[in-house]
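Using mature numbering (1 follows the signal peptide of the UniProt record, and there is no 0), the letters of the sequence shown correspond one by one to residues -40 to -1, 1 to 355.
First comes the structure, then the notes that go with it.
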Amino acid sequence: MISEKIMKKRSNEIKNLGIQQAVMLAMCSGALLASGKGLAAVSDNTVTVTSDAERQDGYTTPTSSVASKAPVARLDEAQSVSTVTQQQLDDYQASSLSDAMRFVSGVSEANTLAGTEDGFVRRGFGSNSDGSVYRDGVRSSPGLNLDATTERVEVLKGSASLLYGIQNPGGIINVISKKPQYSWHSAVSGRYSSEGGGAGTLDVTGPLGNGVAFRLIAEKQRQDYWRNFGSDEHALLAPSLQWYGEKASLLISYSDYRYDIPYDRGTAFINGSPLSLPYKQRLDDKANHAWGRNQALNAHYDWQFNDSWSTRLTFGWNQRRYDNNEVRVTAIDPASGVVTRRADANRGFDHKTKYVSWDVLGNPELFGMTHALVFGTDYEMNQTYRAHQYQGRND
């Protein structure tokens, strides 16, 4: 009996952490337009937006919104909510959502489909492609969800995840994107790997006037795989715009992520033990890889009725299109070293998600106490299509 187990590259990354280097060039300029929040009319009839970026306290954040769709102080939040901050992601060089989940109790990695999808078991429930990963509150179709646009990751564990619709009771993972800021900031960074290759990233944000700010994040990577063949390549372009009015705000973001990554099923086990092979040695073929394109478009519109009540409209669309080749190991003769494999492939895989929601949020005072109320409705449509599936013979 032969079983397959996906070998995790993170163990090797930790081993190579001391020899991996990062080169950072940061250019920061400008200042906050003003202190405080909201709008102020000045004498020359111009409107100036004043807003503060959310304060990051190292490994904690002051608020979280994953459990109630409204910011709640961390000291008042339920213990079923966990947050992985940007500082943690940076300090531990997290390159995948699996790396980020190492900081969250009750969440463990599941089948990642040869390293091409995020898959997690949350409090005993879950798998890959189970719809439990969200991007800014919208269910995410892309297989891999952590990239240069990620600011932090919030995890809601338990049955409270039903707030996001049909879910298993294990919980959800919500990836929060970086947003435009009203002070100028630009950063160019680069990194290289001891395996060969590297990546470069550009992040620019600032005000455009009339209450509008923008952000542009771009990244290009071409890095050799940590095993004996393969390469990990991607290109990212993610613009976003944000507008603040007297009572309203609008945020629109788009991302285009193109990738070509190894399709690695790992090693083989015989009688419950892995083959005695170097951990870098692959048993499949150089043709094994997955390539595709992820796109996402999100829009959030908020209107403040008064100090106690507000409403929010959310629109989300994302799509994952990819193809893959898989030379699958089906049998091994330890005596002769002969490996039997089968060539499989998928072409034209297309997964789309469309999402619309309307929420009304309030903090009214009733019977001498302040209550946090959320009323809402949403509509979601998921479509999955695969044009061709090929299955070869054992050879």
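Even glycine gets a Cβ: it sits at the ideal position worked out from N, Cα and C.
In this text the structure is predicted, and so the values were computed from the model without any measurement.
By the Cβ neighbour-count rule, proline 31 is exposed, with fewer than 16 other Cβ atoms within 10 Å of its own.
Out of Tyr204, Arg34, His249 and Ser55, the CA that lies nearest to the CA of serine 191 is found in His249. When Gln181, Tyr282, Phe335 and Arg175 are compared, the shortest CA-CA separation from arginine 346 is found for Tyr282.
Secondary structure note for leucine 57: its alpha helix (DSSP H) is the uninterrupted segment 57 to 60. Membership of aspartate 216 in the beta strand (DSSP E) is indicated by the continuous run 208 to 222. At the C-beta level, asparagine 354 and alanine 291 come within 9 Å of one another. Put simply, the backbone Cα of leucine 104 is about 34 Å away from that of alanine 332. By the Cβ criterion, the region 240 to 256 is in contact with the region 208 to 225, since at least three pairs of Cβ atoms, one from each stretch, lie closer than 8 Å. Under the three-state reduction of DSSP output, phenylalanine 63 falls in the helix class.
Ranked by how close their Cα comes to the Cα of glycine 336, the residues Ser24, Ser58 and Leu122 have Leu122 in first place.
Nearest neighbour of valine 289 by Cα position, chosen from Gln181, Ala74 and Tyr94, turns out to be Ala74. Contact between threonine 344 and histidine 311 holds, with the beta-carbon distance rounding to 5 Å and staying under 8 Å. Counting along the chain, leucine 168 sits inside the beta strand (DSSP E) bounded by residues 157 to 169.
In the three-state scheme derived from DSSP, where H, G and I count as helix and E and B as strand, glutamine 343 is classed as strand. In this structure, DSSP gives alanine 108 a state outside helix and strand, which the three-state scheme calls coil. Out of Val334, Asp245 and Leu196, the CA that lies nearest to the CA of leucine 106 is found in Leu196. Within the same chain, Val41, Glu114, Leu116 and Asn134 come within 7 Å of valine 26 by CB-CB distance, once the 5 residues on both sides are set aside. Around the C-beta of glutamate 69, 16 or more other C-beta atoms lie within 10 Å, and the residue is accordingly described as buried. Going by beta carbons, asparagine 285 and glutamine 241 fall outside the 9 Å limit.
Cβ-Cβ separation between tyrosine 223 and glycine 171: approximately 46 Å, too far for a contact (criterion under 8 Å). For leucine 237, no alpha helix (DSSP H) encloses it, and the DSSP letter there is neither H nor E. The three-state reading of DSSP puts alanine 120 in helix, counting H, G and I together.
For aspartate 184, the enclosing beta strand (DSSP E) starts and ends at 172 to 184. Contact between glutamine 127 and alanine 173 does not hold, since the beta-carbon distance rounds to 34 Å and is not under 8 Å. In the DSSP secondary-structure assignment, valine 115 is bridged to Ser42 and Ile133. In the displayed model, aspartate 338 falls within a strand according to three-state DSSP. Taking C-beta atoms under 8 Å as the contact rule, serine 24 and glutamate 37 qualify, at a distance of about 5 Å.
By the CB criterion at 9 Å, arginine 302 and glycine 352 fall inside the cutoff. Selection Tyr239, Pro167 and Glu206 evaluated against serine 200 yields Pro167 as nearest (Cα-Cα). With contacts defined as CB atoms closer than 9 Å, lysine 139 and serine 213 qualify as a contacting pair.
Residue nearest to phenylalanine 265 within the set Pro324, Ala159 and Gly91 is Pro324 (criterion: CA-CA distance). If you check the CB distance, glutamate 155 and alanine 108 do not come in under 9 Å.
Around the C-beta of methionine 61, 16 or more other C-beta atoms lie within 10 Å, and the residue is accordingly described as buried.
Distances from the alpha-carbon of aspartate 244 to those of Ile177, Val287 and Ala295 put Val287 closest. It is roughly 16 Å from the alpha-carbon of leucine 35 to the alpha-carbon of glycine 18. Within the DSSP bridge table, the entry for aspartate 283 names Trp251 as partners.
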